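Below: the structure, in structure tokens.
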Amino acid sequence: SQTIHQWPATLVQPVGSPLSLECTVEGTSNPNLYWYRQAAGRGLQLLFYSVGIGQISSEVPQNLSASRPQDRQFILSSKKLLLSDSGFYLCAWGANYGYTFGSGTRLTVV
Amino acid sequence: EDQVTQSPEALRLQEGESSSLNCSYTVSGLRGLFWYRQDPGKGPEFLFTLYSAGEEKEKERLKATLTKKESFLHITAPKPEDSATYLCAVLRGSQGNLIFGKGTKLSVKP
Numbered sequence: 002s003q004t005i006h007q008w009p010a011t012l013v014q015p016v017g018s019p020l021s022l023e024c025t026v027e028g029t030s031n032p033n034l035y036w037y038r039q040a041a042g043r044g045l046q047l048l049f050y051s052v053g054i055g056q057i058s059s060e061v062p063q064n065l066s067a068s069r070p071q072d073r074q075f076i077l078s079s080k081k082l083l084l085s086d087s088g089f090y091l092c093a094w095g096a097n098y099g100y101t102f103g104s105g106t107r108l109t110v111v
Numbered sequence: 122e123d124q125v126t127q128s129p130e131a132l133r134l135q136e137g138e139s140s141s142l143n144c145s146y147t148v149s150g151l152r153g154l155f156w157y158r159q160d161p162g163k164g165p166e167f168l169f170t171l172y173s174a175g176e177e178k179e180k181e182r183l184k185a186t187l188t189k190k191e192s193f194l195h196i197t198a199p200k201p202e203d204s205a206t207y208l209c210a211v212l213r214g215s216q217g218n219l220i221f222g223k224g225t226k227l228s229v230k231p
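Chains as they are written, first to last, in the working numbering: chain U, 2 to 111; chain Y, 122 to 231.
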């Protein structure tokens, strides 16, 4: 069966510090991978998606970037965090029949 | 522009009091409509996928239906453990990106 791992679960970072969130998938090959952000009072917002190694598409301009160095690894990064980057970050892998989400990372920028 | 709107934003029910949640959507070429359940601090949990108008799916006390412009999630005789935020999403594009509504927060009191 397919599983998705996401870490860390919570993170408190100062403004201007770098960020690296990691997501790995097991039990499937060449998955479509997604990073979403969920802010208070807003729906899940798609940030990046990837259909293969090194292939990244960005949905919205922002202070974040994504990379896919291996088939089942997806990384979300920032060089300098802003207060507005606070939120709940979710990784997902998906197919037309459904998405499977990770457990999420609660990021608080202070 | 593709859009998903959920109503009501919040719903408070007594245990056993049946009701429905609404998800209206505007999307060019619907490829699928998804319902998820999300508990506080956790990633969304997949419930249903609906692909065409007239389709219905059931799981325990939940039943999802789909028309050409909206979907309903019917909750029959809810229990306190059904309390959660229910998210609706539509699948668009060749890459399979999901667009989410803001969700309906359901509270079921004993």
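Backbone N, C-alpha and C fix where the C-beta goes; we use that ideal spot for every residue, glycine too.
Remember, predicted model here, so these are calculated numbers, not experimental data.
### Classification of Leu219(Y) by the beta-carbon crowding that lies within 10 angstroms, buried from 16 upward
buried
### Message
Just list the residues that DSSP pairs Val125(Y) with in beta bridges.
### Response
Tyr146(Y)
### Query
Would DSSP call Leu151(Y) helix, strand or coil?
coil
### Burial state of Asp160(Y), where buried means 16 or more other Cβ atoms lie within 10 Å
exposed
### Message
For a quick check, are the C-beta atoms of Leu142(Y) and Leu132(Y) less than 8 angstroms apart?
### Response
yes
### Query
Looking at Leu34(U) and Ser78(U), is the spacing between their C-beta atoms short of 8 angstroms?
no
### Query
Are the C-beta of Lys184(Y) and some C-beta of chain U separated by less than 8 angstroms?
no
### Query
What in chain U is Cβ-close to Gly164(Y), meaning under 7 angstroms?
Leu91, Phe102, Gly103, Ser104 and Gly105
### Task
Scan the stretch 44–75 of chain U for residues whose Cβ lies nearer than 9 angstroms to a Cβ of chain Y and list them as they occur along the chain.
Gly44, Leu45, Gln46, Leu47, Tyr50, Val52, Ser58 and Glu60
### Task
Identify every run of the beta strand (DSSP E) within the stretch 16–53 of chain U, keeping only runs that are complete inside it and at least 3 residues long; order them along the chain.
20–27, 33–39 and 45–53
### Query
Between which two residues does the beta strand (DSSP E) carrying Val211(Y) extend?
Ala205 to Arg213
### Query
Which chain Y residues are close to Gln99(U), counting only those with a beta carbon under 8 angstroms from its beta carbon?
The question names Gln, yet the displayed sequence has Gly at residue 99(U). Ordered by position in chain Y, the residues that pass the 8 angstroms Cβ test against Gly99(U) are Phe155, Phe167 and Thr170.
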